[in-house]
Amino acid sequence: MKGTDDKPVNEGIIIKGYKGSSGYSFNSEEVKKSFPLAIQGDLVDNDAMSVILWQAANKMYTQVDSQGKTLAGLTQKIAAIEERLNKLEPAIQQQKELKERQSEEMSDTSM
């Protein structure tokens, strides 16, 4: 997962949350690779992890919001293209019919 600054949020290391009877816990070895300051002794500091998770969720929200805006812009462009196509198709059909009539008239007059 990359942040808005296009840098990996956790340097590409996946930190899994393991569900236990009292909530979620984290493996200190996994956390230490990306966030060494979140480790106290052999344990993961829950306060530090809550900040880390909040920052990750915030970056994900920013990315989703940005992608939503991009999709909305693309949807508008597609709608405009479809509108133009709907205007062009009848004109193209009329041109085809006109050419067919002209070729029929030419073949009738040549006989």
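In case it helps, our numbering puts the sequence shown at residues 3 to 113.
Glycine is no exception: its CB is placed at the ideal position from the N, C-alpha and C atoms.
Since we're looking at a predicted model, the values are computed, not measured.
For Ser23, the secondary structure class from DSSP, reduced to helix, strand or coil, is coil. In the DSSP annotation of this structure, Lys18 is not part of any alpha helix (DSSP H), being labelled neither H nor E.
Here Ala50 really is in contact with Phe37; their C-beta atoms are around 7 Å apart, less than 8 Å. With a contact defined as Cβ atoms closer than 8 Å, Ser30 and Val53 miss out at about 17 Å.
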